[in-house]
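Each remark here refers to the structure printed beneath this line.
In the numbering used here, the protein residues as written are 1384 to 2049.
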């Protein structure tokens, strides 16, 4: 497709974009923020047009940008107002419409539609949507049909429920109308604040388009309301990175509750992972899950192009494994803290991984984000361990005299597992480089481990196709019904914490979303990592590398919904519709609620991103007017028009009233 002079889709580079947060009627403010985004690397910039007057002002914004020498395509963001869309489509290069809001009904009512009534609604949508399609076709304007998980219409919800398939059908209805008008300059999106839902919806959409049209339209990727800081980056990387690994996606936006120009470097970190990779189109008639690595492709698609996956990529189902100690089975994934490079380990070092020693009481305080294992390589610890913490060490160290074999367990590297007779009767870890290992040796290891109730695999890859290699190995286990648990190991060589977050999140999160993985083991070289803050970029600062890796592990598990250890925040990235300072308010709410394990709190700037967009949240804090907040429990309004000065206190009261509040530990 073409957006202005920008080509998007097919085998063109993945384009990066963001959205302004200024009032669209503030022409100069919007222009200047747009320029900052462009200079940070944005290839498209989206601006909200909630009504006709904002849509008309896009002309002034565009003219001022052109006057200053900037010609980057502008996208008008439309939700409820067809007349604003029809104005904007005559001015700028692209419009975005949300099928769940645009000329469809969303009152959160469950209506039992007959087939005739359903078709009647489709015809009503056709009558309202077709004028915009014709204008876009006449003016050469591109369109994004942007479905959001939380804003599905009552009609779609009534027939498909709150599901990825409902998201797909919501977009397909609009796409069919556009195709009937011979209009094809279209990109589609399937956004959700839940990466699992988002990934399933995009995969289903690709399959549906291929089956129905025998062609696939370009796709815009994003995790909506991802939040800020580490969590926002991790959640975005898991959702977007998983699909990019699948070969899906043509433009991306990372929705952070930060200034929009800071989103662009994160986008760039995501897409640059694929710059050097060979690009191939999807195989005809089947999704090609497994990146462009030919080894991966052979595993996932048979010679007739049919899917050979032993699991469904369209629904979550955890791989069946046997329980070995506290790993595998129905137990939550474990976290391994890597202390390989630490020369001397002290009790104080364990504080970074969730264990705090209280000397007066001679007790350990253990947090919800405490690692389950610590890898010491060739070292034995000279102090008593907390009750729940266990040690992984090299097999040669484990075999030395004096080692407490009830607390220490050996790690065998590949063939060592076959050659070493002296093994733990309880728990043995087997490290395998899924890229480099000889396939005959791998088969022998798999066969032995299949009948070993003490075996746990630690899979990693030394190739650039880390995720695809590890996934291939796990698929091999599944095909042979080998139920040995797998700890996913990932090593990042990124020079910034941001790059490392993206590498870890993509390489491990993509597997966890598909139900693969019984633990995480992250490692890096802290000496190579920079903590600098430079103009045009927010770097995540790291004061303790072990804390960084441990926190990242638990955040990845939280974002993939495989192990819940903390509060989850669904906060929108702000835009011209926002009615309060989102960054300041998010920080304020986080400060008083971040101890509420498992509670999901949505913080939304306006009603557009209100009850619908925060569909996945337990409680919501939504701007309803200048200085006014409306509080929600799920999608239900509980308190309207609360003064913003007391709204955070009222949110706490709401949490207390619903049994979701506990006092923070002192």
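Every residue, glycine too, gets a C-beta built ideally from N, C-alpha and C.
Item checked: Neighbourhood of residue 1652 by C-beta, 7 Å cutoff - its chain only, sequence neighbours within 5 removed -> Taken in chain order, the residues that qualify are 1881, 1882, 1885.
Check: So what does DSSP say about residue 1575, is it helix, strand or coil?
Finding: Assignment of residue 1575 by DSSP, reduced to helix, strand and coil, places it in the strand class.
Checklist line | Residue environment, residue 1444, which counts as buried when at least 16 other CB atoms sit within 10 Å | finding: Counting the other Cβ atoms within 10 Å of the Cβ of residue 1444 gives 16 or more, which makes it buried.
Next item on the list: Output the distance between the C-alpha atoms of residue 1409 and residue 1419, rounded to the nearest integer angstrom.
Entry: The straight-line gap from Cα to Cα measures roughly 16 Å.
Check: Which first and last residues belong to the beta strand (DSSP E) in which residue 1874 is found?
Finding: Secondary structure note for residue 1874: its beta strand (DSSP E) is the uninterrupted segment 1869-1875.
Checklist line | For residue 1390, the residue or residues it bridges with in DSSP | finding: In DSSP, residue 1390 forms a bridge with 1385.
Notebook entry, point to check: What first and last residue would you give for the alpha helix (DSSP H) that runs through residue 2032?
Noted result: Unbroken alpha helix (DSSP H) run through residue 2032: 2030-2040.
Checklist line | residue 1539 vs residue 1549 beta-carbon contact at 7 Å | finding: Between residue 1539 and residue 1549, the gap from beta carbon to beta carbon is short of 7 Å.
Check: Which same chain residues, not among the five before or five after residue 1709, have their C-beta less than 7 Å away from its C-beta?
Finding: If we look at residue 1709 and ignore the five residues flanking it on each side, its Cβ neighbours are 1717, 1755.
Item checked: Unbroken alpha helix (DSSP H) run spanning residue 1747, endpoints -> From DSSP, residue 1747 is part of no alpha helix (DSSP H) but of the beta strand (DSSP E) over 1746-1749.
Item checked: N- and C-terminal bounds of the alpha helix (DSSP H) containing residue 1498 -> Counted as a single uninterrupted DSSP element, the alpha helix (DSSP H) harbouring residue 1498 occupies residues 1498-1522.
Next item on the list: Can you say whether residue 1783 is buried or exposed, counting buried as having 16 or more other CB atoms within 10 angstroms of its CB?
Entry: With fewer than 16 Cβ atoms within 10 Å of its Cβ, residue 1783 is classed as exposed.
Check: Should the region 1844-1852 be called in touch with the region 1826-1834, which here means at least 3 C-beta pairs below 8 Å?
Finding: No, because fewer than three Cβ pairs between the region 1844-1852 and the region 1826-1834 fall closer than 8 Å, the two stretches do not touch.
Item checked: CB-CB length for residue 2041 against residue 2016, believed under 8 Å -> Their Cβ separation, rounded to whole angstroms, is 6 Å, which keeps residue 2041 and residue 2016 in contact under 8 Å.
Notebook entry, point to check: Can you list, in chain order, the residues of its chain whose CB lies under 7 Å from that of residue 1700, leaving out five sequence neighbours each side?
Noted result: Cβ neighbours of residue 1700 beyond the five flanking positions: 1694, 1898.
Margin query: Between the region 1637-1647 and the region 1392-1401, can you find at least three pairs of beta-carbon atoms closer than 8 Å?
Written below: Yes, the region 1392-1401 is in contact with the region 1637-1647.
Check: By how many angstroms is the C-alpha of residue 1787 removed from the C-alpha of residue 1586?
Finding: Between residue 1586 and residue 1787, the C-alpha separation is close to 48 Å.
Next item on the list: Reducing DSSP to helix, strand and coil, say where residue 1848 ends up.
Entry: For residue 1848, the secondary structure class from DSSP, reduced to helix, strand or coil, is coil.
Notebook entry, point to check: Is the region 1972-1981 touching the region 1933-1952, taking contact as three or more C-beta pairs under 8 Å?
Noted result: Yes: the two stretches touch, three or more of their Cβ pairs being nearer than 8 Å.
Notebook entry, point to check: Would you say residue 2008 touches the ligand HEM, meaning its beta carbon is less than 6 Å from a heavy atom?
Noted result: In the structure on display, the ligand HEM does not appear, and there are no ligands present to speak of.
Check: Is the distance from the Cβ of residue 1551 to the Cβ of residue 1515 below 7 Å?
Finding: Taking 7 Å as the Cβ cut-off, residue 1551 and residue 1515 do not qualify as a contacting pair.
Next item on the list: Return the Cβ separation of residue 1450 and residue 1386 in integer angstroms, given the expectation that the two are a contact with Cβ distance under 8 Å.
Entry: Distance from residue 1450 to residue 1386 at the Cβ level is roughly 21 Å; contact not present, criterion being Cβ atoms closer than 8 Å.
Next item on the list: Closer than 7 Å by C-beta to residue 1579: which residues in its own chain qualify, once you throw out the five before and the five after it? Chain order, please.
Entry: Counting only Cβ-Cβ distances below 7 Å, and skipping sequence neighbours, we find 1699, 1896, 1943, 1944.
Item checked: Nonlocal neighbours in the same chain, by C-beta distance under 7 Å from residue 1925, ignoring five residues either side -> If we look at residue 1925 and ignore the five residues flanking it on each side, its Cβ neighbours are 1880, 1912, 1914, 1931.
Check: Is DSSP giving residue 1815 helix, strand or coil here?
Finding: Residue state, collapsed to three classes: strand.
Margin query: Alpha carbons only, please: which of 1738, 1758, 1744, 1759 is nearest the one belonging to residue 1751?
Written below: Checked all of 1738, 1758, 1744, 1759; the closest Cα to residue 1751 is 1738.
Next item on the list: Measure how close the beta-carbons of residue 1778 and residue 1799 come, nearest whole angstrom, since I'm counting them as under 8 Å.
Entry: 6 Å between Cβ atoms; contact.
Item checked: Sequence-distant residues of its chain with Cβ nearer than 7 Å to residue 2039 (five each side left out) -> Once the five neighbours on either side are set aside, residue 2039 has no close Cβ partner at all.
Notebook entry, point to check: What are the complete beta strand (DSSP E) segments, minimum 3 residues, inside the region 1697-1763?
Noted result: Counting whole runs of 3 or more residues, the region 1697-1763 contains the beta strand (DSSP E) stretches 1717-1721, 1738-1741, 1746-1749, 1756-1760.
Check: Whole beta strand (DSSP E) runs in the region 1776-1838 with 3 or more residues, listed along the chain?
Finding: Here the runs fully enclosed are 1791-1796, 1811-1816.
Notebook entry, point to check: Is DSSP giving residue 1586 helix, strand or coil here?
Noted result: Correct three-state label for residue 1586: helix.
Notebook entry, point to check: What does a CB cutoff of less than 8 Å around residue 1595 pick up in its chain, not counting 5 residues either side in sequence?
Noted result: The beta carbon of residue 1595 lies closer than 8 Å to those of 1555 in the same chain, with the five residues before and after it left out.
Next item on the list: Specify, as a first and last residue, the run of the alpha helix (DSSP H) that residue 1543 falls within.
Entry: Going by DSSP, residue 1543 is part of the alpha helix (DSSP H) stretching over 1537-1543.
Notebook entry, point to check: Should residue 1658 go down as buried or exposed, given a rule of 16 or more other Cβ atoms within 10 Å for buried?
Noted result: By the neighbour-count rule (16 or more Cβ atoms within 10 Å), residue 1658 is not buried but exposed.
Check: Between which two residues does the alpha helix (DSSP H) carrying residue 1932 extend?
Finding: 1928-1942 is the extent of the alpha helix (DSSP H) around residue 1932.
Check: Mapping DSSP to helix, strand and coil, what is residue 1328?
Finding: No statement about residue 1328 is possible, as the shown extent of the chain runs from 1384 to 2049 and does not include it.
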